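Take a look at the structure set out below.
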Amino acid sequence: MVGSILQVRGLCIEGRSGLLVDDVDLQLRRGEVCALVGSSGSGKSLSCLGLLDLLPGGLVRRQGQLSLDGQPLHPNQVRGRLASLILQNPRSAFNPVRDMASHGLETLKLRGITGAAARQRLDECLDAVGLSERQRVLQSFAFQLSGGMLQRMMIALALMAETPFLLADEPTSDLDALSQARFLDLLMQLVEQHALGVLLVTHDMGVVARCADHVVVMEAGRIVERQSVQGLFDSPASSSARTLLEAHQILGRRHP
Amino acid sequence: MKALSRLRHPALAGNYSLVVGMVLVGLLALVAVFGQWLAPHDPDLVDLSQRLLPPDASHWLGTDHLGRDLLSRLIVGTRLSLGSVMLTLALVLLLGIVIGGVAGFVGGKLDLLIMRLCDMFMTFPTLVLAFFFVTLLGTGLSNVIVAIALSHWAWYARMVRGLVIAQRGREYLLASRLAGASRWMRLRQHVLPNIAGPMLVLATLDIGHMMLHVSGLSFLGLGVTPPTAEWGVMINDAKEFIWTHPQLLLLPGLMIFFSVMAFNLLGDALRDRLDPTLETR
Amino acid sequence: MSQLDICQVAHGYRTGGLLRRGGWLQVLDGIDLTLSVGQSVGLLGSSGSGKSTLARLLLGLEKPRQGQVRFAGQDVSQLRGEPAREFQRAVQLVLQDAPSAFNPQRSIAWSIAEPLRHLSQMNQAAQHKRVLQLLEQMGLRAEHAERLPHQLSGGQLQRANIARALAISPQWVVLDEALSNLDRVLQLQLLQRLDALRRETGTGFVLISHDLSLVRYFCQRVVLMSEGRIVEDRPVDQALAFEHPVGQQLQRAMLPERPKQRLPAAQPATAQA
């Protein structure tokens, strides 16, 4: 399935105050990272969640046709099978009263892997994400692990689910600089090795520079720019992109 | 209180129960306050020639075994039944907030001491404790009120302590400390207002339970005694007539039932209203 | 204007409960630091380096197990009465999580004016004027004054948080990861305003952060912490290059300024100097 494309067309999400996401088209290609950027309130997180129809209460997905290589799909077919999700706050994604091993085994069971084969797969995936203290991690609960380790665990779960696509909603915003660097290194490594197709929602142009192949810029619920990453950094067209880039560049220099 | 201003927020589901609860409670309050003037007859007037009459034009609900007008007795009883519950609640809240507040805010050894004291009190079912205190203090309505307060304070103190401790972890308390506010100021301006909401809800939901205690103790002859008009006492008075004139027990029982229901409705609705997690941005 | 000194400070916590043997968690060790007036100092380190604990000790919120924090030559933990208030007026703190730093039932203006009520002699009218001035300084509008915390966004609340810390015109403001939850654009705006304030009024800042780019942009001096110790203390200049491996690690971890051509084999991130 190399080069497969997961696409959503015409995504529209409505909230109490009106249309929050308006006619958004997004494309994920295996082996490539697509960054979705915008300032707070631009609708980028909602678009990411809305793609999988995982919206919080009070918000409604009015339209949005999912397709894989042109074949139309229902969100249920995509969630957990074709695409995994990583959220900004890793702690909230785990059941606080169950340990990591049970989370992993649950994911594997949905894939039909149980027993000894499941245990082995657990170990493989934890190794792949660099969680070397396997026994300790597997027996731990969410509150015992740091944010960085929980994010790695989330990727491990995504690996276990063997989904070809990954949606990540501001995955490093809550991490410190070192954890962020390690996480992004891991992500890029997996994109290379497993041809993961990634949608990376972020407000940080540094993350975009590090990871992205393509960039989609959103403003007030609409897409205002689509470019390759080099193109965006060379000549940003939208005001959002220009503002974000300017802040990034100024902070990258020493204050005069 | 700012907490109450949230009641004016745009409609949430359950608006209905808030209105109904408030109307019923309001009615009860009116009857309690103006009871003497609303009652058509003197509730204590004994007239054996009129005993055990069925409802008629003069006595809308009939009369009891001593010829007293039932309706008047029920109306006047509202004041005692509700009033004693309110007094009890006030006492329990006072004890609970002071003791629990101190334990939560000061912490340390004092907290440990108070918690062990609470544990001792909480070991016993509240009714049993109430009996114990009545035995100690003697019968009579004021003793019943004190007894019930003494048997319930520990639960409230625990609740308040938990809420205060949750508040202490909030960073705005730290910000206040850094702004130079004294401990007392912090307690008064930050901690207490923020626990008022949940406490209000807890108290309202508990009224029904306390009412049953008050009436229950009166029913057992430990509280109000005849000839005073109080719903629990009325049920006690009429127990020999349970098969012949059940309405003598049913009617006061229904009053207790409706009052408890009214307060529960109100408490439920308040809890839904004041629960911040339900607020949508 | 007085100097803030940290002398031979070590700090830790007892661990373990009633039944287990008590252990000891050493959080800070051998900390010696002098903060001069009007400087912007960065306290850089990863999670667990002890920077937040140091912030608490600096503010006098806790007493160090060993050593002293001195303000104007006096031990901060021994201050009482007027000298203690003087200290509170001199050093203020801004924490990371803005929403929980405000009483949800009080307006923003009320919260911002709190230090003025307790630590200054201003009357109500003067306080109100100061609050409006602070709001403007931090890029908020007058209409935000009467709003409740839940009506403002995270970014706006953090501006208000900083405004509150600046209310009594302190000599130092300690920002404990205060910008970490904000987006880059807002981070830059706030740092620019704070820098302008520093030049104008001589207010000193201690920026505690794990993000080297913020420290490099804003601070004149950087103190690198690792595992409870200060491992490097150097001025920030054009060619900032750490000698200590932890500093070099943080430099490598900085995100690139521009995208590179993706190479076929997996490569770790390399920093742009």
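Protein chains in written order, with my numbering: chain A, 1 to 256; chain B, 1001 to 1281; chain C, 2001 to 2273.
Built from N, CA and C at the ideal position, the CB exists for glycine as well.
Every value quoted in this text rests on a predicted model; they were computed, and no experiment measured them.
For residue i, which option in the options has the closest C-alpha, if you only look at C-alpha atoms?
{"i": "B:Leu1137", "options": "B:Ala1147, B:Gly1197 and B:His1041", "result": "B:Ala1147"}
{"i": "B:His1059", "options": "B:Ser1049, B:Ser1072 and B:Leu1048", "result": "B:Ser1072"}
{"i": "B:Gln1036", "options": "B:Gly1067, B:Leu1174, B:Val1076 and B:Gly1062", "result": "B:Val1076"}
{"i": "C:Cys2007", "options": "C:Thr2015, C:Ser2049 and C:Val2069", "result": "C:Val2069"}
{"i": "A:Glu170", "options": "A:Leu19, A:Leu55 and A:Leu46", "result": "A:Leu46"}
{"i": "C:Leu2033", "options": "C:Trp2024, C:Lys2051, C:Gln2026 and C:Ser2046", "result": "C:Lys2051"}
{"i": "C:Phe2225", "options": "C:Arg2216, C:Phe2218, C:Cys2219 and C:His2244", "result": "It should be pointed out that residue 2225 of chain C corresponds to Met in this sequence rather than to Phe. Of the listed residues, the one whose Cα sits closest to C:Met2225 is C:His2244."}
{"i": "A:Asp174", "options": "C:Leu2190, C:Gln2096 and C:Pro2256", "result": "C:Gln2096"}
{"i": "C:Val2206", "options": "C:Leu2058, C:Asp2029 and C:Arg2014", "result": "C:Leu2058"}
{"i": "B:Met1022", "options": "B:Ala1149, B:Thr1204, B:Leu1251 and B:Phe1124", "result": "B:Thr1204"}
{"i": "C:Leu2004", "options": "C:Pro2235, C:Gln2092 and C:Ile2162", "result": "C:Gln2092"}
{"i": "A:Met153", "options": "A:Ser102, A:Val129 and A:Gln144", "result": "A:Val129"}
{"i": "A:Arg242", "options": "A:Val37, A:Glu32 and A:Gly18", "result": "A:Val37"}
{"i": "B:Ala1029", "options": "B:Leu1070, B:Pro1246, B:Leu1082 and B:Arg1170", "result": "B:Leu1082"}
{"i": "A:His74", "options": "A:Leu200, A:Asp53, A:Gly112 and A:Gly43", "result": "A:Asp53"}
{"i": "A:Gly252", "options": "C:Leu2197, C:Gln2187, C:Arg2198 and C:Gly2030", "result": "C:Gln2187"}
{"i": "A:Asp69", "options": "A:Arg30, A:Lys109 and A:Ser238", "result": "A:Arg30"}
{"i": "B:Ser1215", "options": "B:Ile1235, B:Met1199 and B:Gly1101", "result": "B:Ile1235"}
{"i": "C:Ala2125", "options": "C:Glu2136, C:Ala2109, C:Met2138 and C:Gly2139", "result": "C:Ala2109"}
Taking the straight line between their C-alpha atoms, what separation do you get for residue i and residue j?
{"i": "A:Ser4", "j": "A:Glu192", "result": "15 Å"}
{"i": "C:Gly2222", "j": "C:Gly2247", "result": "It should be noted that the sequence gives Val, not Gly, for residue 2222 of chain C. The alpha-carbon atoms of C:Val2222 and C:Gly2247 are separated by roughly 10 Å."}
{"i": "C:Gly2154", "j": "C:Gln2088", "result": "26 Å"}
{"i": "A:Leu131", "j": "A:Leu166", "result": "19 Å"}
{"i": "B:Val1201", "j": "B:Arg1271", "result": "6 Å"}
{"i": "B:Pro1010", "j": "A:Arg16", "result": "Confidence is the limiting factor: at B:Pro1010 the pLDDT is only 44, short of 50, which leaves the residue's position unreliable, though a coordinate-based value still follows. Cα to Cα, B:Pro1010 sits roughly 13 Å from A:Arg16."}
{"i": "B:His1190", "j": "A:Arg222", "result": "42 Å"}
{"i": "B:Ala1003", "j": "B:Ala1196", "result": "For B:Ala1003, the predicted structure reports a pLDDT of 47, less than 50, and the residue's modelled location is therefore unreliable. A value from the coordinates is still provided. Their backbone Cα atoms lie some 7 Å apart in a straight line."}
{"i": "C:Glu2114", "j": "C:Val2131", "result": "10 Å"}
{"i": "C:Pro2149", "j": "C:Leu2157", "result": "7 Å"}
{"i": "C:Leu2025", "j": "C:Thr2053", "result": "12 Å"}
{"i": "B:Met1120", "j": "B:Leu1018", "result": "37 Å"}
{"i": "A:Arg306", "j": "A:Leu85", "result": "No statement about residue 306 of chain A is possible, as the shown extent of chain A runs from 1 to 256 and does not include it."}
{"i": "A:Gly104", "j": "A:Leu55", "result": "24 Å"}
{"i": "C:Leu2036", "j": "C:Gly2073", "result": "What sits at residue 2036 of chain C in the sequence shown is Ser, not Leu. Roughly 13 Å separates the two Cα atoms."}
{"i": "B:Val1031", "j": "B:Leu1074", "result": "10 Å"}
{"i": "A:Glu229", "j": "C:Gln2249", "result": "It is Val, not Glu, that sits at residue 229 of chain A in the sequence shown. Answer to the nearest angstrom: the Cα atoms are 26 Å apart."}
{"i": "C:Gly2292", "j": "B:Ala1166", "result": "Beyond the ends of chain C as shown, which are 2001 and 2273, falls residue 2292 of chain C; an answer cannot be given."}
{"i": "A:Leu122", "j": "A:Pro90", "result": "19 Å"}
{"i": "C:Ala2101", "j": "C:Ala2163", "result": "12 Å"}
{"i": "A:Leu19", "j": "A:Leu66", "result": "19 Å"}
{"i": "B:Gly1101", "j": "B:Val1160", "result": "6 Å"}
{"i": "A:Ala161", "j": "C:Thr2203", "result": "53 Å"}
{"i": "A:Leu49", "j": "A:Gly43", "result": "10 Å"}
In the DSSP output, what is residue i paired with across the bridge?
{"i": "C:Ile2031", "result": "C:Val2009"}
{"i": "C:Phe2205", "result": "C:Ser2040 and C:Val2173"}
{"i": "A:Asp169", "result": "A:Val201"}
{"i": "C:Glu2232", "result": "C:Leu2224"}
{"i": "A:Ser84", "result": "A:Leu166"}
{"i": "A:Glu225", "result": "A:Val217"}
{"i": "C:Phe2071", "result": "C:Leu2004 and C:Gln2074"}
{"i": "A:Ser67", "result": "A:Gln7 and A:Pro72"}
{"i": "C:Val2091", "result": "C:Trp2172"}
{"i": "C:Cys2025", "result": "With the sequence shown as reference, residue 2025 of chain C is identified as Leu, and Cys is not the correct amino acid for it. Answer is C:Tyr2013."}
{"i": "C:Gln2066", "result": "C:Ala2010"}
{"i": "A:Arg79", "result": "A:Ala83"}
{"i": "A:Ala35", "result": "A:Leu200 and A:Val215"}
With hydrogens ignored, establish whether the beta-carbon of residue i is closer than 7 Å to any heavy atom of the ligand FMN.
{"i": "A:Met153", "result": "Among the ligands in the structure shown, none appear at all, so the ligand FMN cannot be discussed."}
Since residue i contacts residue j with CB under 8 Å, what's their CB separation in whole angstroms?
{"i": "C:His2118", "j": "B:Ala1181", "result": "5 Å"}
{"i": "C:Ile2208", "j": "C:Asp2183", "result": "Not a contact, Cβ separation roughly 19 Å."}
{"i": "B:Val1098", "j": "B:Leu1222", "result": "The Cβ separation is near 27 Å, so there is no contact."}
{"i": "B:Val1020", "j": "B:Leu1254", "result": "With a Cβ gap of about 17 Å, B:Val1020 and B:Leu1254 do not count as contacting."}
{"i": "C:Ser2169", "j": "C:Thr2201", "result": "7 Å"}
{"i": "C:Pro2259", "j": "A:Ala177", "result": "No, C:Pro2259 and A:Ala177 are not in contact; Cβ-Cβ is about 19 Å, not under 8 Å."}
State yes or no: is the beta carbon of residue i nearer than 8 Å to at least one beta carbon in chain E?
{"i": "C:Pro2235", "result": "The structure shown contains no chain E; the protein chains it does contain are A, B and C."}
Residues of the segment 117-151 of chain A with a CB closer than 9 Å to any CB of chain C: list them in chain order, please. Ser146, Gly147 and Gly148
Which of the residues in the segment 205-239 of chain A, read from start to end, lie with their CB under 8 Å from any CB of chain C? So the list reads Met205, Gly206, Val207, Val208, Ala209, Arg210, Ala212, Asp213, Val229, Gln230 and Phe233, given in the order they occur along the chain.
If the cut-off is 7 Å on Cβ atoms, which residues from the segment 2066-2100 of chain C count as contacting chain B, listed in chain order? Arg2085, Gln2088, Gln2092, Leu2093, Leu2095, Asp2097 and Ser2100
Any C-beta of chain A within less than 8 Å: which residues of the segment 2199-2220 of chain C qualify? Flagged, chain order: His2210, Asp2211, Leu2212, Ser2213, Leu2214, Arg2216, Tyr2217 and Phe2218.
When you check each C-beta in the segment 242-255 of chain A against every C-beta of chain C, which residues fall closer than 9 Å? Thr243, Leu244, Glu246, Ala247, His248, Gln249, Ile250, Leu251, Gly252, Arg253, Arg254 and His255
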